[in-house]
Amino acid sequence: REKVEMTKEQRALMKAIVDAYNRHQIPQDVAKKLLQEQYSAEENFLLLTEMATSQVQVLVEFTKNIPGFLSLDREDQIALLKGSTVEAMFLRSAQVFSRKMPNGHTVVLEERIRKSGIPDEFMTPMFNFYKSIGELHMVQEEQAILTAITILMPDRPYVKDHQAVERLQETMLNVLRKLCVLQHPQEQQYFARLLGRLTELRTLSHYHAEMLTSWKMNDHKFTPLLCEIWDVQ
Ligand SMILES: O=C(NC1CCCCC1)[C@H](C1CCCCC1)n1c(-c2ccc(-c3nnn[nH]3)cc2)nc2ccccc21
2 REKVEMTKEQ RALMKAIVDA YNRHQIPQDV AKKLLQEQYS AEENFLLLTE MATSQVQVLV
62 EFTKNIPGFL SLDREDQIAL LKGSTVEAMF LRSAQVFSRK MPNGHTVVLE ERIRKSGIPD
122 EFMTPMFNFY KSIGELHMVQ EEQAILTAIT ILMPDRPYVK DHQAVERLQE TMLNVLRKLC
182 VLQHPQEQQY FARLLGRLTE LRTLSHYHAE MLTSWKMNDH KFTPLLCEIW DVQ
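The numbering of the sequence shown is this note's numbering, which starts it at 2 and goes up by one.
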């Protein structure tokens, strides 16, 4: 097998993405809060909307650092962000859930999430996704580039210049492919498995609007930003 090597440009691109990904972390750690105590459905819903609102803001900052993103058509930039925030939220949630924690904490965290007020029918697909992400043991470079690939999805609704987005995404996919070979030399199909998760992620995000409105509580309040970006209320 030929020696896989990243070009100088690819290494620079990866560094830019990872730095941006680490710079724009979610402010306060939701897992820590959830491990402290079991909140009511109302408190959990408020926590979710606060976390999701700050994650959207973080995502906008991260996206501005994706080389080439700001040269895209302005309306396409909005369409890409609007189309990817739910997937990015579940991807980030999966990464939070799969983070190495003192043993027993993940069990408690899962318990707290199961009792948070989320409708039961979404538990299985959601935790299946979280566990399938956890099994991949992604390094942070892979997490960052996978998030960028999710944002640069050419087939999002209302994207006009498909080609331009496809070109940016392809550049990211080339970096991710090499990274997977270098990080997981034993697993031939690791890259393919990673991309398979994006399909699972899209399925999960289809449930999202219904999930949100059927939380076990009445009067679901959203922030103005979430109303805008989640098409709710
Ligand atoms: O805050 C959260 N996620 C943030 C993580 C960081 C990025 C922004 C989102 C929620 C918790 C909120 C409070 C109640 C428990 C879940 N969360 C979720 C989660 C659950 C259901 C929906 C949802 N969407 N629509 N209906 N329900 C979204 C996310 N999965 C998590 C896995 C690990 C840790 C936290 C997790």
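Backbone N, C-alpha and C define an ideal beta-carbon position, used for all residues, glycine too.
Residues near residue 1 by beta carbon distance below 7 Å, same chain, minus five either side: With the chain covering 2 to 234 only, the question about residue 1 has no answer from this structure.
With a Cβ-Cβ cutoff of 8 Å, do residue 67 and residue 152 count as a contact? As a working mapping, residue 67 is identified with position 66 in the sequence shown. As a working mapping, residue 152 is identified with position 151 in the sequence shown. Yes, the pair counts as a contact, with Cβ atoms nearer than the cut-off.
Would you tell me roughly how many angstroms separate the C-alpha atoms of residue 34 and residue 109, rounded to the nearest one? In the sequence shown, residue 34 corresponds to position 33, counting from 1. In the sequence shown, residue 109 corresponds to position 108, counting from 1. Cα-Cα distance, rounded: 12 Å.
Would you mind giving the Cβ-Cβ distance between residue 213 and residue 207, rounded to the nearest angstrom? I have them listed as a contact below 8 Å. Counted from its first residue, the sequence shown places residue 213 at position 212. Counted from its first residue, the sequence shown places residue 207 at position 206. At roughly 12 Å, the Cβ-Cβ gap does not stay under 8 Å, so residue 213 and residue 207 are not in contact.
Local conformation of residue 116 per DSSP, three classes: Sequence index remark: in the sequence shown, residue 116 carries index 115 (1-based). If DSSP states are grouped into helix, strand and coil, residue 116 belongs with coil.
Spatially closest choice to residue 126 from 234, 205 and 192, by CA coordinates: For the purposes of this step, residue 126 is taken as the residue at position 125 of the sequence shown. Here the closest residue by C-alpha is 205.
Does the distance from the C-beta atom of residue 59 to that of residue 25 stay below 8 Å? To locate residue 59, count along the sequence shown from 1; it is residue 58. To locate residue 25, count along the sequence shown from 1; it is residue 24. Yes. Within cutoff.
Of the listed residues 215, 211 and 173, nearest to residue 14 (C-alpha basis): Taking the first residue of the sequence shown as position 1, residue 14 is located at position 13. Answer by Cα proximity: 173.
Suppose the cutoff is 7 Å on Cβ atoms and the five residues either side in sequence are ignored; what does the same chain contact list for residue 218 look like? To locate residue 218, count along the sequence shown from 1; it is residue 217. Excluding residues within five positions, the ones whose Cβ falls inside 7 Å are 42, 43, 46 and 118.
Distance between residue 146 and residue 177 (C-alpha atoms, nearest Å): Locating residue 177 in the sequence shown gives position 176, counting from the first residue. Locating residue 146 in the sequence shown gives position 145, counting from the first residue. Residue 177 and residue 146 have their C-alpha atoms spaced approximately 7 Å apart.
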